[in-house]
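Below is one structure, written out as structure tokens, with a few remarks after it.
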Amino acid sequence: MNLRVIKSGVLDSLQDAGRYGWQHLGINPGGAMDKLSARIANTLVGNNADDAVIELHFPASAFFFEKPALIAVSGADFSATVNGDEIPRLQPVLVSKYSILQFQGVKKGARAYLAVYGGFDIKPWLNSCSTNLKAAAGGYKGRVFQKDDEIGLRSEIDFSSLLGKKEFATMSWKTDDDLANDMKEVLVLPGNEWDRLPDKSKKRFLHQSFTVTSQSDRMGYRLKGKPLSTLTDEEIISSAVSFGTVQLLPDGQLIVLMADHQTTGGYPRVAHVISAHHSRLAQIKAGEEVGFRLTDQKTAEELFIRQQQHLLQLQNACKFKLEELLKHEFKTTG
Amino acid sequence: MDHPNIPYRIFPLGDTAITIDFGNVIDESINDKVLALFDQLRNDPLPGTIEVVPAYSSVTIYYDLFGASKSFSNGKSVYDTISGQLAERMEQTLPVSEAIPRLVNIPVCYEKEFAPDIEYLARERNITVDELIHIHVSRQYRVYMLGFLPGFAYMGEVNKTITIPRKPQPVTVAAGSVGIAGKQTGIYPLQSPGGWQIIGRTPLKLFDADREEPSLLRAGDRVQFISISKNEFESY
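Those protein sequences? They're chains A and B, same order as listed.
Heads up: the first sequence runs through residues 545 to 878, numbered per the numbering used here.
Heads up: the second sequence runs through residues 555 to 790, numbered per the numbering used here.
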């Protein structure tokens, strides 16, 4: 009993929290672009936060459920519907057997996440279910989803008793995120080559808005703005880079490295977007603008720690709600 | 205590990674030091370590910021704490690897159809294609680091008669292509856009997701290229 893809999307893939421990072999961690949203989706349905989810870009895939399932959609608002009726974001929804999940249009954000209670039946590659498109490995056959793909669902719980004759039922618990926030501003820490920028370029970097161009993908966002210059052209020999690293290209434009970035790079690292704002960054679409503001290490850490603590609280609350529900309403059939 | 005499600098790479840098140079003895430190930090990781990544002359540690924040309660930032621990590590003498580096033989077909840039390079450097091949196979190269693509090994240094700048614009490069960029030589494990000047192709799989260790090469290996014919390439 599976989840079937009945219409293929433009770039939908399985992703989890990333594949760590292999960057020394050039294998990049990948994982969800917006890990916070992926974790929220999992948390809402009682999965481990770092389990695999389906990352969706618009136009997104449509899915057919061959058995009832408890799902949650997070991240971008793509107007999700079940059998044509809109379902809420950030709130678990029980869908009946033979339901169709579709995404009707982009209201906000760049990528949405679909989590299913119990997770997907996927064999990990190098300890992760993330799809590495470059290596054509991991995730679902190492590639994006196509029409007629069938993804195994692990849950053995029969949810149909709660649904009765309803096609779907919204659960009582939900959460919130900052997607509604229109402020496309992210905090950054100075990079090792920050001081290669003359004052004028530093000012430009911090005070102008940059457009996320259409040459932006899971590897990185290419930005367009008034060009920046450097005080020295001294070549930098390759060394490690990270998700959120802002590199200055030879033409004076910037690239922000995202989930599928190369493991190493040799362009000046002028800044790093703080981890607490990766989610915000990942929800900026091509054509939209982003601005950078400097912060310090301690603040960056505190913001991330607070975000993770919030997520932990949500996990505890959802686990409790789910246990209550399973205790009263369901008998396991497995 | 024997104090290491290579100067270094420690700096943050964002808020979840820290880099120790031994200078902006490509140098065998510095890379030895990098790889010794890499081994040491993998065998005896600093608290919170997710993974350790060596490069030409630097080592980067990626750490679990949230996890580490729970175990450090000294009021300092997680970065400052890890940075202090790393600096302490540097006070100790690094074990020098006694192991003889692995030697990996890599067959390469330098025939024109696999080597779109070999004639250009030979012309630029005023040598014949045969001389170029002879020079390329006449020394062993050190794998300094892996990066760019899964299994892509940065090797060096090539004889200065065959150095050549990379292309101004990347083109599509076939899997197995052997290229030169500046003083470096490398092999594209997968088809990819790339700017290195391509002088041949190996039939070996530099990267195979199904192997237990997917990358054929590791940092610290020595590589010997061996010239093979098109027939040999095709029957590999």
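For each residue, glycine too, the CB sits at the ideal point set by N, CA and C.
*If valine 589(A) and tyrosine 661(A) are in contact, beta carbons under 8 Å, what's the gap, nearest whole angstrom?*
Within the first sequence, residue 589(A) is the residue found at index 45, counting from 1. Within the first sequence, residue 661(A) is the residue found at index 117, counting from 1. So it is a contact: roughly 4 Å between Cβ atoms.
*Which bits of chain A does tyrosine 633(B) rub up against, with CB to CB less than 8 Å?*
As a position in the second sequence, residue 633(B) is number 79, starting the count at 1. Result: Gln841, Glu845.
*On a CA-only basis, which of Ser786(A), Ala654(A), Asn592(A) is nearest leucine 825(A)? Give me that one, please.*
As a first step, residue 825(A) is located in the first sequence; it is residue number 281 there, counting from the start. It is Ala654(A) whose Cα lies nearest to the Cα of leucine 825(A).
*Using the beta-carbon count (16 or more within 10 Å), is threonine 789(B) buried or exposed?*
Looking up residue 789(B) in the second sequence gives position 235. It is serine, not threonine, that sits at residue 789(B) in the sequence shown. Classification for serine 789(B): exposed.
_Taking its Cβ as the centre, do 16 or more other Cβ atoms sit within 10 Å of methionine 555(B), making it buried, or is it exposed?_
Numbered from 1 along the second sequence, position 1 holds the residue referred to as residue 555(B). Only weak support is given to the placement of methionine 555(B): the predicted model assigns it a pLDDT of 37, under 50, and the value that follows is read from those uncertain coordinates. The residue is exposed, with fewer than 16 neighbouring Cβ atoms inside 10 Å.
*Ends of the alpha helix (DSSP H) at methionine 763(A)?*
On the first sequence, residue 763(A) is found 219 positions in, with the first residue counted as 1. Unbroken run through methionine 763(A): none, as it is neither H nor E.
*Proximal residues of chain A, C-beta to C-beta of alanine 773(B) below 8 Å*: Looking up residue 773(B) in the second sequence gives position 219. Within 8 Å Cβ-Cβ: His568.
*Once you ignore the five residues that flank phenylalanine 576(B) on each side, which residues in its own chain have a CB closer than 7 Å to its CB?*
The count along the second sequence starts at 1 and reaches residue 576(B) at position 22. Result list for phenylalanine 576(B): Ile560, Tyr562, Ile584, Lys587, Val588, Ser611, Ser612, in chain order.
_For isoleucine 869(A), the nearest candidate out of Lys685(A), Asp702(A), Arg563(A) (CA to CA)_ = For this step, residue 869(A) is matched to residue 325 along the first sequence. In the sequence as presented, isoleucine is not what sits at residue 869(A); that position holds leucine. Comparing Cα positions, the closest option is Asp702(A).
*Going straight from the alpha carbon of isoleucine 615(B) to that of arginine 656(B), what length do you get?*
As a first step, residue 615(B) is located in the second sequence; it is residue number 61 there, counting from the start. As a first step, residue 656(B) is located in the second sequence; it is residue number 102 there, counting from the start. When rounded, the distance between both Cα atoms is 25 Å.
*Contact set for isoleucine 782(B): own chain, Cβ-Cβ below 7 Å, skip 5 residues either direction*: Position 228 of the second sequence holds residue 782(B). Cβ within range, chain order: Pro661, Val662, Cys663.
*Report the residue from Thr776(A), Thr789(A), Tyr765(A) whose alpha carbon sits nearest the alpha carbon of glutamate 833(A).*
Residue mapping note: residue 833(A) aligns to position 289 of the first sequence, counting from 1. The option with the nearest alpha carbon to glutamate 833(A) is Tyr765(A).
*Rounded C-alpha distance that separates histidine 557(B) from glutamate 846(A)*: Counting from one through the second sequence, the residue named residue 557(B) turns up at place 3. Counting from one through the first sequence, the residue named residue 846(A) turns up at place 302. Any reading at histidine 557(B) must be qualified, since the residue scores a pLDDT of 42, below 50, and its modelled position is unreliable; the value itself is stated next. Going from the Cα of histidine 557(B) to the Cα of glutamate 846(A) covers about 36 Å.
_Within 8 Å of any Cβ in chain A, is that where the Cβ of alanine 653(B) sits?_
Looking up residue 653(B) in the second sequence gives position 99. It does not; no Cβ of chain A falls within 8 Å.
*Residues near threonine 603(B) in its chain [Cβ-Cβ closer than 6 Å; skip 5 each side]*: One-based indexing of the second sequence puts residue 603(B) at position 49. Within the same chain, threonine 603(B) has close Cβ partners Ile615, Tyr617.
*Is DSSP giving threonine 625(A) helix, strand or coil here?*
Within the first sequence, numbered from 1, the residue matching residue 625(A) stands at position 81. Threonine 625(A): strand per DSSP, three-state reduction.
*asked:* In the DSSP output, which residue or residues are listed as bridge partners for methionine 545(A)?
replied: Within the first sequence, the letter at position 1 stands for residue 545(A). In DSSP, methionine 545(A) forms no bridge with anything.
_7 Å Cβ cut-off: residues of chain B touching lysine 678(A)_ = As a first step, residue 678(A) must be located in the first sequence, where it is residue number 134. Result: Leu703, Pro704, Leu744.
*Given a limit of 8 Å on CB to CB distance, which residues of the stretch 681–701 of chain B reach chain A?*
Met699, Leu700, Gly701
*Given a threshold of 16 other Cβ atoms within 10 Å of its Cβ, counted over all protein chains shown, does proline 722(B) qualify as buried or as exposed?*
Indexing the second sequence from 1 puts residue 722(B) at position 168. The residue in question, proline 722(B), is exposed, as its Cβ has fewer than 16 Cβ neighbours within 10 Å.
*Just mark leucine 731(A) as buried or exposed, buried being the case when its beta carbon has 16 or more other beta carbons within 10 Å.*
To locate residue 731(A), count along the first sequence from 1; it is residue 187. With 16 or more Cβ atoms within 10 Å of its Cβ, leucine 731(A) is classed as buried.
*Could you tell me whether the Cβ of leucine 657(B) comes closer than 8 Å to any Cβ of chain A?*
Translated into positions along the second sequence, residue 657(B) becomes position 103. Chain A, which has no Cβ nearer than 8 Å to the Cβ of leucine 657(B), makes this no.
_Presumed contact (8 Å Cβ cut-off) between glutamate 610(A) and methionine 577(A), rounded CB distance_ = Against the first sequence, residue 610(A) aligns to sequence position 66. Against the first sequence, residue 577(A) aligns to sequence position 33. The pair is not a contact, with the Cβ atoms about 28 Å apart (cut-off 8 Å).
*Can you find a CB in chain A that lies within less than 8 Å of the CB of glutamate 605(B)?*
Here residue 605(B) refers to the residue found at position 51 of the second sequence. Chain A contact via Cβ: present.
*So what's histidine 557(B) in DSSP terms, helix, strand or just coil?*
One-based indexing of the second sequence puts residue 557(B) at position 3. Bear in mind that the predicted position of histidine 557(B) carries a pLDDT of just 42, short of 50, making it unreliable; the figure below should be weighed with that in mind. Residue state, collapsed to three classes: coil.
*asked:* Please list, in chain order, the chain B residues whose beta carbon lies closer than 8 Å to that of glycine 683(A).
replied: Here residue 683(A) refers to the residue found at position 139 of the first sequence. What glycine 683(A) touches in chain B: nothing, since even the nearest Cβ is about 11 Å away.
_Residues of chain B with CB closer than 7 Å to the CB of isoleucine 780(A), please, in chain order._
Your numbering for residue 780(A) matches position 236 in the first sequence. Chain B residues near isoleucine 780(A): Asn578.
_Alpha carbons only, please: which of Lys744(A), Asp665(A), Val790(A), Gly619(A) is nearest the one belonging to lysine 768(A)?_
Numbered from its first residue, the first sequence carries residue 768(A) at position 224. That would be Val790(A), whose Cα lies nearest to the Cα of lysine 768(A).
*Compute the Euclidean distance between the alpha carbons of aspartate 764(B) and alanine 784(A), then round it to the nearest angstrom.*
Position 210 of the second sequence holds residue 764(B). Position 240 of the first sequence holds residue 784(A). Aspartate 764(B) and alanine 784(A): Cα-Cα distance of roughly 26 Å.
*Please list, in chain order, all residues of the same chain as phenylalanine 602(A) whose beta carbon is under 6 Å from its beta carbon, the five residues on each side excluded.*
Position 58 of the first sequence holds residue 602(A). So the list reads Phe622, Val650, once near-sequence residues are dropped.
*Could you confirm whether any beta carbon from chain B is found closer than 8 Å to the beta carbon of alanine 784(A)?*
For the purposes of this step, residue 784(A) is identified with residue 240 of the first sequence, where counting begins at 1. It does; some Cβ of chain B falls within 8 Å.
*Under a CB-based cut-off of 8 Å, is phenylalanine 864(A) close to chain B?*
By 1-based counting over the first sequence, the position of residue 864(A) is 320. No - not a single Cβ of chain B is within 8 Å of the one on phenylalanine 864(A).
*Return the residue from the list Gly683(A), Val597(A), Gly831(A) that minimises the CA-CA distance to lysine 652(A).*
Counting from one through the first sequence, the residue named residue 652(A) turns up at place 108. For lysine 652(A), the nearest C-alpha among the options comes from Gly831(A).
*From Gly708(A), His821(A), Thr714(A), residue whose alpha carbon lies closest to that of threonine 839(A)*: Reading the first sequence from its first residue, position 295 is the one you call residue 839(A). Comparing Cα positions, the closest option is His821(A).
*Hey, proline 757(B) and phenylalanine 779(B): beta-carbon distance below 8 Å or not?*
Here the question's residue 757(B) lines up with position 203 in the second sequence. Here the question's residue 779(B) lines up with position 225 in the second sequence. Their beta carbons are not under 8 Å apart, which means proline 757(B) does not touch phenylalanine 779(B) by this criterion.
_For cysteine 673(A) and arginine 548(A), the rounded distance between their alpha carbons_ = Residue mapping note: residue 548(A) aligns to position 4 of the first sequence, counting from 1. Residue mapping note: residue 673(A) aligns to position 129 of the first sequence, counting from 1. So the two alpha carbons sit approximately 18 Å from each other.
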